[in-house]
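Numbering (the working numbering), first residue to last: 891 to 1004. Quick reminder that beta carbons are idealized off the backbone N, C-alpha and C, glycines included. Some notes on the structure that comes next.
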């Protein structure tokens, strides 16, 4: 069993930055892929960024060059540095872990507004 807890959400102004953190407890293995997804009202949950156990990263086109995903060497924490935020980034952001099994955090709200 894996438990994921997100933190770092909140209110940011357009052009501003936020850093999300996800702490994992339980059976997180070195090859577990972790990632961030988001869901805005009325929109299907979508992938934002993922990072494999080997450190390979993949980003959605709409965040390339603005967001950076990283994880610590113990594979217990994953981060999402979000820069140049715009109102379209407003959503609930979820941490995800895959392999073995799939797990989700409870989500953290990010609101970008002036």
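Look up residue i in the DSSP assignment and give the residues it is bridged to.
| i | result |
| --- | --- |
| residue 950 | BP columns for residue 950 are empty, so no partner. |
Could you name the residues of the same chain whose beta carbon sits closer than 7 Å to that of residue i, not counting the 5 residues immediately before and after it, in chain order?
| i | result |
| --- | --- |
| residue 958 | 971 |
| residue 949 | 939, 957 |
Check the C-beta distance from residue i over to residue j and give it rounded, since I have them as a contact under 8 Å.
| i | j | result |
| --- | --- | --- |
| residue 922 | residue 989 | 5 Å |
| residue 976 | residue 931 | Not confirmed; about 17 Å, so no contact. |
| residue 973 | residue 907 | 5 Å |
| residue 909 | residue 969 | 6 Å |
Would a C-beta distance cut-off of 8 Å place residue i and residue j closer than the cut-off?
| i | j | result |
| --- | --- | --- |
| residue 1000 | residue 980 | yes |
| residue 994 | residue 983 | no |
| residue 925 | residue 986 | yes |
| residue 941 | residue 961 | yes |
Rounded to whole angstroms, what is the Cα-Cα separation between residue i and residue j?
| i | j | result |
| --- | --- | --- |
| residue 938 | residue 964 | 22 Å |
| residue 892 | residue 933 | 27 Å |
| residue 894 | residue 967 | 9 Å |
| residue 911 | residue 944 | 19 Å |
Quick one: what's got a C-beta closer than 6 Å to residue i's C-beta in the same chain, skipping five residues either side?
| i | result |
| --- | --- |
| residue 902 | 908, 975, 1002 |
| residue 900 | none |
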